[in-house]
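Asks:
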Amino acid sequence: LVLMVGIVIDNAIVVLENIFRFIEEKQLSPFDAAREATAEIALPVLATTLCLVVIFIPVSFMSSISGRFLYQFGLTAAVSVLVSLLVSFTLTPMMSARMFRRQRAGHAGGHDAQSRQGLYGAVDRAYTKALIWALRHRTAVVVMGLAVIASSYPLYRAVSQEFIPSGGDEAEFELQITAPEGTSLAAMDDIGRSVERDIRGTPGVTTLLLSAGGNFLGSVNSGNGFVRIAPHEERVFSLSRFFKGVVTLDPLEAFRGNYSQREVMQAIRAKMARYKDLNVSVRNTQSFSIGSANSDIDFVIRGPELEKLAEYGNALKARSTELGLQDIDVTLKLDRPELRAEVDRARAADLGIRTADIAASLRLMVGGDEEVTRFRDRSANEDYDVQLRLEEDDRADTATIERLFVPRANGELVRLDSVVDLVSDESPSRVERLDRQRQISLRGGIADGYALADRLAALRAAAAELGMPPAYSVSVAGRGRELERTFVEFGWAFLLSVIFMYIVLASQYESLSHPLIILLSLPLSLPFALLSLWLTSTSLNLYSALGMLVLFGVVAKNAILQVDYARNLRLNNVDLHTAVVQASRDRLRPILMTTLALVGGMLPLALGTGPGAEERRAIAIVVIGGQSLSLFLTLIVVPVIFYLVEAAQARWAAVPPTPVEQVTASA
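The opening position of the sequence shown corresponds to residue 443 in this note's numbering, with each subsequent residue numbered one higher.
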């Protein structure tokens, strides 16, 4: 709804401005002006509203996670612009007829009206001169427009791409600690306490919650942490903080001691570097999770042999710094210590000992069994499972385990080492499979100055250099896979939006060429949207792509206002040059007013701070930058293209058709 503030008032602005123009320039009464001006502007306002609706509707039906995320936005935006259309056709004319006053006698009308003097008069005169020059140099304008459109590709390559904005300042972040395989829970607890002391000593940290051992896979050699730092209003410059300093006679306080969440995270990474045997991942708290990992990078390698998979994964991990990655870890470890029991089956058979009995004895004494018996606590009226197993020191002692006894078929007991050899060995930490194929994952974060899309491309290139056999393959999971799906679906959303806009415009204007002129303004705005992202170091992500959809609707609205009025003038037998100039001048003011209203509505999003500001800022930058930078170009190029198309149609209509007799004779 905040995003739509500057959009829902556009229809009312256009209708209101046209009513005011009729009162001032045509000397009509407010009632007559409200009726005639609304009737004149009804078709273009309806067209612009329907164009916005058909832009937002495809977003609601995207099938990926992004589509579910944007479902409510698409429907809310579509309904809000339809309601704004109703208001602009009912409430706005009614209030204009009641509140406007009749123009005083003796006041000039037309383009010499009072409202066209002063600053706006200077803008109008400058625009008129530029437009007349452009109509005289149509070839140069067309070449310039094509050059601007062609610049979209290099700008697209220059802008970083990711799924959702990274590096957000939410005043909180997460840690994941992984110790070498075989680390006990007690040792992991000691490591966690040492890490906790280092983190608590980092400036800015206010809250730390650290758990040692036991993630969702049950590994005791891992730990997770949650860190919260000082809130934004205490460490980030803001106008409210500045005004508060003015009140307390210390205005410079807003500029002192400022730091970002990224700086705190880098300080913690520097402290964690002294733990050589630990893999510590410091990452932002994600707004929503995708898959089993919250990491930015989730690069998957599949193949038949675990040893080869581990080799390829570790080779890529060794190049992580070179590839612009950080906190990288491989899910497969081959050094997990284990004690393997090798049964002498022949001797066990001679002694009448079953392998199942050996396994049951080892499982009971080493792993434990909760179904041995139950204890009844009469005071609390509760039953408790009693678990039986060896003490921890004995479970780690091979000699003690070998002295266990296993039963024979006749009930006699035989020492375990009589039929079993205990061998210390190493094994994979875990084996992951997908579609019955073994796989490992390379997970971690992205270093400063890089983005998700280019790092995935770098990883693919590095994997290709490993020379893996045909049985091995690589793929992307998590955010990388969702990034690719999102961009593909947004591409389809863009295409469907353009097709639906063309259908709407063609049905309203009963023309095939005029909708194409209007839609030509869309690619003219794309380079400026990308340029604004590049200038502000903002990535192309889910939110900025959504901003481009909004931008397309706004830019198309400006072109509709120009083309519709010029078309009406041509239908009234106004010559082409005069129609183009007059339509552009008369529609300049509502275009400027709606643009300023849109930019004003987006400014709070662009300048806002606090949690989630990066997502909102990405949308605002695209709309503000794309609309502001492309405004003058579209105001010039669209009239020129309309002039060229109308002139070509007039020449084609003026050519007399070849008589049928001549065609037959020549045949």
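Every residue, glycine too, gets a C-beta built ideally from N, C-alpha and C.
Since the model is a prediction, treat every value here as computed from it, not as a measurement.
(1) I'd like to confirm the pairing. Which residues does DSSP put opposite Asp-671 in its beta bridges?
(2) Tell me the residue span of the alpha helix (DSSP H) that contains Glu-854.
(3) In whole angstroms, what separates the C-alpha of Ala-757 from that of Thr-644?
(4) Compare the beta carbon distance of Leu-898 and Lys-759 with 8 angstroms and say whether it is the shorter of the two.
(5) Would you decide whether Lys-775 is buried or exposed? Buried here means 16 or more other CB atoms lie within 10 Å of its CB.
(6) Do you know how far the Cα of Val-918 is from the Cα of Glu-441?
(7) Using 8 angstroms as the Cβ pair cut-off and three pairs as the minimum, do the region 629-638 and the region 597-606 touch?
(8) Give the secondary structure of Tyr-826 by DSSP, where H, G and I count as helix, E and B as strand, and everything else as coil.
(9) Pairing CB atoms from the region 862-880 with CB atoms from the region 578-595, are three or more of them under 8 angstroms?
(10) When burial is assigned at 16 or more other CB atoms within 10 Å of the CB, is Phe-741 buried or exposed?
(11) In the DSSP output, what is Gln-1091 paired with across the bridge?
(12) When burial is assigned at 16 or more other CB atoms within 10 Å of the CB, is Met-536 buried or exposed?
(13) Relative to the C-alpha of Ile-1078, which residue among His-579, Asn-852, Ala-851 is closest?
(14) Shortest alpha-carbon distance to Tyr-892 belongs to which of Arg-711, Leu-512, Ala-600?
(15) Around the Cβ of Leu-830, are there at least 16 other Cβ atoms within 10 angstroms (buried) or fewer (exposed)?
(16) With a 10 Å radius around its C-beta and 16 neighbouring C-beta atoms as the bar for buried, classify Ala-790 as buried or exposed.
(17) Just to confirm, is the Cβ distance from Val-456 to Val-496 under 8 angstroms?
(18) Using C-beta distances below 7 angstroms, list every residue in its chain close to Ala-519, excluding the 5 sequence neighbours before and after it, in chain order.
(19) Would the beta-carbon of Gly-1067 fall within 8 angstroms of that of Ala-971?
(20) Three-state secondary structure (DSSP) at Arg-683?
(21) Find out if the Cβ-Cβ distance for the pair Glu-478, Leu-470 is shorter than 8 angstroms.
(22) Find out if the Cβ-Cβ distance for the pair Ser-974, Leu-1073 is shorter than 8 angstroms.
(23) Would Asp-738 and Leu-894 qualify as a contact pair, given that the criterion is a beta-carbon distance under 8 angstroms?
(24) So does the region 624-633 actually touch the region 688-696, counting three or more Cβ pairs closer than 8 angstroms?
(25) Which residues does DSSP pair with Leu-876 in a beta bridge?
(26) Could you check whether Val-1005 and Gln-1069 sit closer than 8 angstroms to each other, using their CB atoms as the reference points?
(27) Taking Ile-1083 and Thr-980 to be in contact with their CB atoms under 8 angstroms, please state how far apart those CB atoms are, rounded to whole angstroms.
(28) Could you give the distance in angstroms between the alpha-carbon of Pro-673 and the alpha-carbon of Glu-695?
(29) Compare the C-alpha of Arg-642 against each of Ala-628, Ile-671, Pro-870, Leu-984 and name the closest.
(30) Does DSSP put Pro-911 in a helix, in a strand, or in coil?
(31) Using a Cβ-Cβ cut-off of 6 angstroms (strictly less than) and excluding sequence neighbours within five positions of Ser-522, which residues of its own chain qualify?
(32) Please go through the same chain and pick out, in chain order, the residues whose beta-carbon is closer than 7 angstroms to the beta-carbon of Val-785, but skip the five residues on each side of it.
(33) Is Gly-548 buried or exposed, if buried means 16 or more other CB atoms sit within 10 Å of its CB?
(34) Please report the Cβ distance between Leu-988 and Leu-512, rounded to the nearest whole angstrom; I am assuming they are in contact, meaning their Cβ atoms lie under 8 angstroms.
(35) The beta strand (DSSP E) spanning Glu-784 covers which residue range?
(36) Could you tell me the alpha carbon to alpha carbon distance between Phe-531 and Ala-476, rounded to whole angstroms?
Replies: Short version:
(1) Asp is not the amino acid found at residue 671; the sequence shown has Ile there. Answer is Val-647, bridged to Ile-671.
(2) Note, Glu-854: premise wrong, no alpha helix (DSSP H); not H, not E.
(3) 33 angstroms
(4) no
(5) buried
(6) The question about residue 441 has no answer here: the residues shown for the chain are numbered 443 through 1109.
(7) no
(8) strand
(9) no
(10) buried
(11) Answer is none; Gln-1091 lacks a bridge partner.
(12) exposed
(13) His-579
(14) Ala-600
(15) exposed
(16) buried
(17) no
(18) Met-446, Phe-498
(19) yes
(20) helix
(21) yes
(22) no
(23) yes
(24) no
(25) Gln-879
(26) no
(27) With a Cβ gap of about 31 angstroms, Ile-1083 and Thr-980 do not count as contacting.
(28) 16 angstroms
(29) Ile-671
(30) coil
(31) Met-446, Val-450
(32) Thr-797, Ile-800, Val-861, Val-862
(33) In this prediction, Gly-548 has a pLDDT of 46, which is less than 50 and means its spatial position is unreliable; what the coordinates show is noted afterwards. The residue in question, Gly-548, is exposed, as its Cβ has fewer than 16 Cβ neighbours within 10 Å.
(34) 7 angstroms
(35) 778-785
(36) 10 angstroms
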